[in-house]
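Q: One structure, pasted below without further comment.
Protein chains: 2
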Amino acid sequence: MSRTNELRMITRVAQMYHLEGLKQSDISEVLRISQASVSRLLKRAEAEGIVRVSIVAPSGTYPDLESAIREKFGISEVIVADCREDNDDAVFSAIGVAAAHLLEQTLEDGDVIGVSSWSATLQQMLDNIHPIKRVRAERVIQLLGGIGVPSAQIHATQLTTRLAHLINGEPQLLPAPCVTGSPESKRILVSDPHVKATVDQFKRVTTAFVGIGAMAPSQNLIYSGNTFTQAELEELARRGAVGDICLRFYTADGEPLAGEIYERVVGMTLEELQAVPRVIGTAGGKRKTASIAGALRGKLIDVLITDRFTAERLSELT
Amino acid sequence: MSRTNELRMITRVAQMYHLEGLKQSDISEVLRISQASVSRLLKRAEAEGIVRVSIVAPSGTYPDLESAIREKFGISEVIVADCREDNDDAVFSAIGVAAAHLLEQTLEDGDVIGVSSWSATLQQMLDNIHPIKRVRAERVIQLLGGIGVPSAQIHATQLTTRLAHLINGEPQLLPAPCVTGSPESKRILVSDPHVKATVDQFKRVTTAFVGIGAMAPSQNLIYSGNTFTQAELEELARRGAVGDICLRFYTADGEPLAGEIYERVVGMTLEELQAVPRVIGTAGGKRKTASIAGALRGKLIDVLITDRFTAERLSELT
DNA sequence: CCTCCGCATGAATATTTATTCACGCTTGAT
DNA sequence: ATCAAGCGTGAATAAATATTCATGCGGAGG
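As structure tokens, then:
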């Protein structure tokens with residue numbers, strides 16, 4: 001009987017606080033109890049399920065998918081971009097916009113940004129960044145060499161340079177091909193002062209933006225001809241590769257696939273990547289599902305930006 | 001496009017705050033925005049309807065009825081007691097319990113409590129009060145004379161005395177019949193030192209507990225024989241009386257019915273009652289609907305305690 | 001091209017809310 | 001009956017949240 005009365009009191013307090021918008025001290029005056037008691041009653045109201053807060057996802061946002069992925073993979077942040085269709089153009093564009101927003105919103109003075117060149121989503125990000133005056137990034141570091149052929153080299157360079165310009169930082173280029181013919185030539189390249197200077201900066205990166213590559217042939221033709229041979233790719237696949245970040249291949253569990261190929265890549269290693277405080281992975285599209293899942297399982301990235309279709313697939317993985 | 005992104009942000013913040021229970025400063029750290037911005041986003045989340053708080057009434061509580069009555073009559077507080085059946089016994093008991101709780105919860109040191117004797121609900125209240133040690137009321141004042149016959153006088157006296165005892169106050173009795181034969185005899189009675197002492201204390205009352213009487217014959221037989229004649233009651237009815245508080249009759253609009261009868265009552269006037277900071281009216285039952293409505297319309301009481309059936313009827317009045 | 005206005009931001013601060021603390025009541029065991 | 005443990009309370013205080021203020025950006029209109 002007293003229980004009912006107590007519930008009534010709790011309900012009344014909750015009503016005054018949440019619906020009428022009164023402050024606790026007002027309520028305490030009206031009901032003649034102390035403010036401390038009002039606070040306690042409100043806490044009980046939540047505990048007893050008398051007040052319930054529900055969050056309605058506005059159209060175009062996918063908080064449920066985001067939390068599903070966060071929880072499933074134990075990752076700290078997931079951004080699911082809205083996207084009309086499930087094709088690469090639409091997906092990459094949506095992800096790029098979201099990535100641009102994330103960069104704009106979270107860039108801080110003195111940040112050192114790393115970017116893996118050669119990602120369609122990062123390209124899209126570039127196109128959607130609003131020039132930022134507010135803060136001044138220290139520098140933008142290219143995390144992966146350019147592609148073998150000189151014209152392609154330019155692309156990678158441009159991505160880094162443009163980004164640096166947009167966020168008021170110095171570009172720090174990695175003037176090298178991304179894949180060398182042998183571990184020896186890689187070692188020699190890395191001893192070049194310009195290359196070494198950049199590699200030495202890797203440990204200073206505060207935020208890295210990286211694309212996630214899939215094993216299946218990509219539109220960018222990254223691997224074909226310019227980088228790895230078909231045979232090499234087949235070997236990687238045989239060893240369990242599901243995708244790559246900065247051309248560092250990893251398995252379904254996100255374990256790096258060490259070996260000769262690993263030693264021929266000029267760019268940040270996955271170990272170095274782990275040491276970066278915030279790694280933002282951007283990727284989407286049907287081909288990428290397994291690649292993304294691997295990166296998530298291996299905790300290779302801290303933040304995932306993807307599209308709603310890919311997010312759906314990720315959340316449904318067994 | 002940016003709108004979607006903003007909504008996503010708002011939703012995410014709302015989620016972290018309301019569902020995950022993070023504090024704003026934590027959120028601001030994770031999302032890398034200032035705590036002020038988090039606060040602002042949360043406010044927007046409510047404004048945009050992204051977070052909704054709903055209050056679920058626990059069974060046995062009737063917040064909707066309460067607010068309906070509060071709003072309809074512009075009264076500051078309504079307590080609707082749970083009650084299984086719509087008969088006087090059940091109703092009076094439920095109201096008594098609720099009144100007792102209210103008294104216990106809101107009694108403050110030094111309060112001067114007024115009680116109109118001869119109310120079945122107040123009798124019930126007495127039986128349900130837990131002795132209070134915490135605070136010490138200054139005194140309990142009897143607001144209405146006892147009924148004519150001596151044995152009944154005792155009842156009124158006892159109610160006041162028992163209450164005073166329960167809340168550690170001094171009883172201040174009104175040693176007089178509640179209705180005299182004529183205005184003159186009333187004036188003489190009131191000049192009696194004991195009676196006058198009590199009447200003089202009326203203005204010091206901080207909280208008054210009053211029953212609300214109905215016109216139709218009551219179980220207590222208050223009016224018949226002991227107080228007013230059938231003819232007098234009929235006259236009152238003809239003049240529009242719908243009920244009484246402390247035997248002060250009033251109309252459907254809560255206007256006091258002045259006149260000879262009014263001058264023959266020994267007890268607090270409705271004018272004096274208006275001056276009391278907090279007047280708590282207790283009443284319920286089918287016969288009382290119109291009486292309560294009148295008291296509410298005339299703002300004769302500040303707090304109404306009733307049962308859910310009566311509350312329903314009150315809320316449905318045109 | 002420049003200037004002014006409105007808007008958004010974060011730091012500082014004011015306000016509000018939650019927690020701690022000390023105390024008194026109740027309860028249940030001895 | 002007496003005492004200790006546990007609960008609930010309000011006052012004081014700590015913590016969290018909202019608001020103010022000053023500043024800088026972006027766009028409209030000279």
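Going down the list, the protein sequences come from chains A and B.
When we follow full-length UniProt numbering, the leftmost residue of the first sequence carries the number 1, and every step to the right adds one.
When we follow full-length UniProt numbering, the leftmost residue of the second sequence carries the number 1, and every step to the right adds one.
All residues carry an ideal CB built from backbone N, CA and C; glycine is no exception.
(1) Taking only beta-carbon positions, decide if ASN168(B) is within less than 8 Å of chain A.
(2) Report the partner residues of GLU170(B) according to the DSSP bridge assignment.
(3) Can you tell which of VAL266(A), ARG248(A), ALA252(A) and GLN201(A) has the C-alpha that lies nearest to the C-alpha of ALA258(A)?
(4) Between the beta-carbon of VAL115(B) and the beta-carbon of VAL78(B), is there less than 8 Å?
(5) Quick one: residues in its chain with C-beta nearer than 7 Å to the C-beta of SER25(B), no 5 flanking neighbours on either side, listed in chain order?
(6) In chain order, what residues of the same chain have a beta carbon less than 6 Å from the beta carbon of PHE309(B), not counting five sequence neighbours either side?
(7) Just to make sure I have the definition right: I need the residues of chain A whose C-beta is within less than 8 Å of the C-beta of ASN5(B). Which are they?
(8) Tell me, please, whether the CB atom of LEU19(A) is closer than 8 Å to any CB atom in chain B?
(9) In the structure shown, what three-state DSSP assignment does ALA68(B) receive?
(10) On the DSSP letters alone, give me the boundaries of the alpha helix (DSSP H) that ARG187(B) sits inside.
(11) Whole angstroms are fine: how far does the CA of ASP307(A) sit from the CA of residue 320(A)?
(12) If we count the other Cβ atoms within 10 Å of its Cβ and call it buried at 16 or more, is GLN105(A) buried or exposed?
(13) Out of ARG12(A), GLU20(A), SER37(A) and ALA47(A), state which residue places its alpha-carbon closest to the alpha-carbon of GLY21(B).
(14) Looking only at its chain, what residues have a beta carbon closer than 7 Å to the beta carbon of ASP111(A), apart from the 5 residues adjacent to it on each side?
(15) Extract the residue ranges of the alpha helix (DSSP H) inside the segment 241 to 314 of chain A, only unbroken runs of 4 or more that lie entirely within it.
(16) Out of GLY254(A), ILE301(A) and ALA293(A), which one is the CA nearest neighbour of GLU316(A)?
(17) Are the C-beta of SER224(B) and some C-beta of chain A separated by less than 8 Å?
(18) Name the DSSP beta bridge partners of ARG52(A), please?
(19) For GLU66(A), does the count of other Cβ atoms within 10 angstroms reach 16, so buried, or fall short, so exposed?
(20) Using the three-state DSSP reduction, which class does LEU317(B) fall into: helix, strand or coil?
(21) With DSSP run on the structure shown, which of helix, strand or coil describes GLU234(A)?
(22) Cα separation between LYS23(B) and TYR17(B)?
(23) Evaluate LYS203(A) with the Cβ neighbour count: other Cβ atoms within 10 Å of its Cβ, from every protein chain shown; 16 or more gives buried, anything less gives exposed.
(24) Within 8 Å (strictly less), CB to CB, does ARG136(B) reach chain A?
(25) Given a limit of 7 Å on CB to CB distance, which residues of the segment 47 to 72 of chain B reach chain A?
(26) Quick check on the burial criterion: 16 or more other C-beta atoms within 10 angstroms. Buried or exposed for THR121(A)?
(27) Using 8 Å for Cβ pairs, my map puts ALA14(B) next to LEU42(B). What's the rounded Cβ distance?
(28) Please report the Cβ distance between VAL179(A) and ARG264(A), rounded to the nearest whole angstrom; I am assuming they are in contact, meaning their Cβ atoms lie under 8 Å.
(29) What do you reckon, are the CB atoms on ASP244(A) and GLY213(A) nearer than 8 Å?
(30) Are the CB atoms of ASN5(B) and residue 407(A) within a distance shorter than 8 Å?
(31) When the cut-off is 8 Å and only beta carbons count, does LEU236(A) lie next to chain B?
(32) Which stretch, first to last residue, makes up the alpha helix (DSSP H) that contains THR121(A)?
(33) Considering Cα atoms alone, identify which of GLN230(B), VAL279(B) and ALA164(B) is closest to ILE132(B).
(34) Leaving out five residues on either side along the sequence, give the residues of the same chain with a beta carbon under 6 Å from the beta carbon of LYS286(A).
(35) Straight-line CA distance for ALA90(B) to ALA68(B)?
(36) Locate the beta strand (DSSP E) running through GLU77(B), then write down its first and last residues.
A: Once the coordinates are examined:
(1) no
(2) Paired residue(s): ARG139(B).
(3) ARG248(A)
(4) no
(5) GLN35
(6) ASP86
(7) VAL97, ALA98 and HIS101
(8) yes
(9) In the three-state scheme derived from DSSP, where H, G and I count as helix and E and B as strand, ALA68(B) is classed as helix.
(10) For ARG187(B), the enclosing alpha helix (DSSP H) covers residues 183 to 191.
(11) With chain A running from 1 to 318 in the structure shown, residue 320(A) is simply not present.
(12) exposed
(13) Comparing Cα positions, the closest option is ALA47(A).
(14) ALA137, GLU138, THR206 and THR207
(15) 260 to 263, 270 to 275 and 289 to 297
(16) ALA293(A)
(17) Because SER224(B) carries a pLDDT of 46, less than 50, the predicted location of this residue cannot be relied on, and the following value inherits that uncertainty. Chain A, which has no Cβ nearer than 8 Å to the Cβ of SER224(B), makes this no.
(18) SER54(B)
(19) So GLU66(A) ends up on the buried side.
(20) coil
(21) Reduced to three states, the DSSP call for GLU234(A) is helix.
(22) 6 Å
(23) exposed
(24) no
(25) GLY49, ILE50, VAL51, ARG52, VAL53, SER54, ILE55, VAL56, ALA57, PRO58, GLY60, THR61 and PRO63
(26) Counting the other CB atoms within 10 Å of its CB gives THR121(A) a total of 16 or more, which places it among the buried residues.
(27) 6 Å
(28) 6 Å
(29) yes
(30) Lying before the first or after the last residue shown, residue 407(A) is absent from chain A, which here runs from 1 to 318.
(31) no
(32) Run containing THR121(A): 120 to 128, per the alpha helix (DSSP H) assignment.
(33) Per the Cα distances, ALA164(B).
(34) none
(35) 23 Å
(36) 77 to 81
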